[in-house]
Structure formats: structure tokens, C-alpha cells
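Chemist:
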Amino acid sequence: MTSETKRIEVSVLGLSPGQSIQSYICVLSEKRGKRKIPVVVNTQDAQNLAIILENIKISKITMYDVFREITKQYEIINQEIYIYDVVEGKFLCRMITHNNVDEVELEMSIADALALALSLNLTIYAFERVLSKVGIATDENGKVIEVDFEENEEE
164 MTSETKRIEV SVLGLSPGQS IQSYICVLSE KRGKRKIPVV VNTQDAQNLA IILENIKISK
224 ITMYDVFREI TKQYEIINQE IYIYDVVEGK FLCRMITHNN VDEVELEMSI ADALALALSL
284 NLTIYAFERV LSKVGIATDE NGKVIEVDFE ENEEE
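The opening residue of the sequence shown carries number 164 in my numbering; numbering runs sequentially from there.
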């Protein structure tokens with residue numbers, strides 16, 4: 164594995180309004196580092212993420228509920244989500260699933276990947292190349308800082 168494809172665990176830090184009226188920023192944060200990944204999502208995706216993040220009970224069944232039930236009924240194990248690249252501002256994501264016989268990687272949008280990770284309690288990883296391209300390092304007060312790559316190396 165090259166340093167570019169090194170997988171780094173990230174988590175959803177939160178949502179905030181974006182610069183346009185129809186966008187929001189979902190912030191991902193390194194579990195063991197200082198870098199953040201700002202992900203622009205539309206209003207509907209932000210609403211879906213907020214429902215999951217805030218554990219809001221709604222009357223309608225979501226696609227994430229349906230997905231969870233299908234995987235449960237067919238004994239499919241949802242393993243993890245990973246963000247492997249950013250191309251022209253678009254995050255490329257996959258979810259790894261298996262049934263103890265076959266492993267399948269499903270390509271999906273960043274918003275769906277994050278919603279599924281949150282609703283299924285899956286670990287989210289980002290490749291180092293993603294953090295290198297779009298990661299922003301901040302201190303405890305949210306001020307942007309410079310960080311050497313070595314500081315983000317896991318033991």
C-alpha cells in the first residue's frame with residue numbers, strides 16, 4: 164500500500180450551512196489527526212444526514228432503513244465505507260459488503276455513503292490522497308494551521 168492509498172479513519176463532525184442557499188457542508192474529521200474534509204451536500208442530503216445524526220424519528224421509511232432491513236434479512240455484512248479519491252470536486256466512495264462467501268464493493272455518492280455509514284454504524288475511511296487534496300488542518304479553536312504529513316502518520 165502506498166502512502167497515497169493509506170486508509171485513515173474519519174468521522175462526521177457535523178453539518179453547517181454552505182455559501183449558497185441550497186447547500187450545506189458536512190465536515191469529516193480525522194480520528195487521529197487535525198485535518199478536516201469539507202463535503203458540500205445539497206439540502207435533501209443534508210436533511211437526511213441531520214435526521215440520522217440527531218436520531219430524529221420520522222414517520223416515513225427511508226431508503227437507508229430499507230437497505231438496513233435487506234442486508235439484515237439476507238445476512239449481508241456491511242463492513243466499511245471508504246473515500247478513495249476526489250475528481251473535479253466529486254468524492255469517489257465505496258462500501259464493502261460480504262456474505263461470508265463473496266465480497267462486493269458498491270460505488271455510491273458521498274452523501275449516500277455518509278448516510279449509510281451513520282445509519283449502519285460503519286467505519287468511514289479516507290485515503291491519504293483525499294486528505295492531501297482537500298483536507299484542511301485546524302487547531303482546537305478552528306484556526307487553519309500547517310501540518311506536516313508525518314504528524315498524521317499512525318503508529
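We put the beta carbon where it would ideally sit given N, CA and C, even for glycine.
(1) Quick check for students: name the residue ranges of the alpha helix (DSSP H) that lie wholly in the segment 211 to 274, counting only runs of 4 or more.
(2) List the DSSP bridge partners of V203.
(3) Exposed or buried, M226, counting other C-beta atoms within 10 Å across all chains shown (16 or more means buried)?
(4) Given that a residue counts as buried once 16 or more other Cβ atoms are within 10 Å of its Cβ, and exposed if not, what is N211?
(5) Pull the bridge partners of G177 from the DSSP assignment, please.
(6) Where do the ends of the alpha helix (DSSP H) carrying V293 lie?
(7) Do you know offhand how far V229's Cα is from K223's?
(8) Pull up the DSSP beta-bridge partners for A276, would you.
(9) Using DSSP with H/G/I as helix, E/B as strand and the rest coil, what is E309?
(10) Relative to the alpha-carbon of K194, which residue among S174, V293, D208 and S179 has its alpha-carbon at the smallest distance?
(11) Buried or exposed for E291, please, with buried defined as at least 16 other CB atoms from any protein chain shown within 10 angstroms of its CB.
(12) Say whether the segment 268 to 275 touches the segment 293 to 307, bearing in mind that this needs 3 or more beta-carbon pairs closer than 8 Å, one atom from each stretch.
(13) Can you list, in chain order, the residues of its chain with a C-beta nearer than 7 Å to that of E317? Leave out the 5 residues immediately preceding and following it.
(14) Using the Cβ count rule (16 or more neighbours within 10 Å means buried), how would you classify Y237?
Modeler: Checking against the coordinates, here is how it stands:
(1) Complete alpha helix (DSSP H) runs here, min 4: 226 to 236.
(2) Here residue 203 corresponds to residue number 40 of the sequence shown, with the count starting at 1. BP columns for V203 point to I188.
(3) Here residue 226 refers to the residue found at position 63 of the sequence shown. The residue in question, M226, is exposed, as its Cβ has fewer than 16 Cβ neighbours within 10 Å.
(4) Residue mapping note: residue 211 aligns to position 48 of the sequence shown, counting from 1. N211 is buried by the Cβ-count criterion.
(5) Counting from one through the sequence shown, the residue named residue 177 turns up at place 14. According to DSSP, G177 bridges with V190.
(6) Counting from 1 along the sequence shown, the entry for residue 293 is found at position 130. Note, V293: alpha helix (DSSP H), E291 to V297.
(7) Residue numbering aside, residue 229 sits at position 66 when the sequence shown is read from its first letter. Residue numbering aside, residue 223 sits at position 60 when the sequence shown is read from its first letter. Each residue's Cα considered, the two are about 11 Å apart.
(8) Taking the first residue of the sequence shown as position 1, residue 276 is located at position 113. BP columns for A276 are empty, so no partner.
(9) Working through the sequence shown from its first residue, we reach residue 309 at position 146. Here E309 sits in coil by DSSP.
(10) Here residue 194 refers to the residue found at position 31 of the sequence shown. Nearest C-alpha to K194 among S174, V293, D208 and S179: S174.
(11) What you label residue 291 is simply residue 128 of the sequence shown in a count that begins at 1. So E291 ends up on the buried side.
(12) In this structure the segment 268 to 275 does not lie against the segment 293 to 307, because fewer than three pairs of beta carbons, one per stretch, are closer than 8 Å.
(13) Residue 317 sits at position 154 when you count from the first residue of the sequence shown. Residue confidence for E317 is low, a pLDDT of 45 falling below 50, so the modelled location carries little weight; the figure read from the coordinates is stated next. Same-chain partners within the cutoff: R195.
(14) In the sequence shown, counting from the first residue as 1, residue 237 sits at position 74. Y237 should be labelled exposed.
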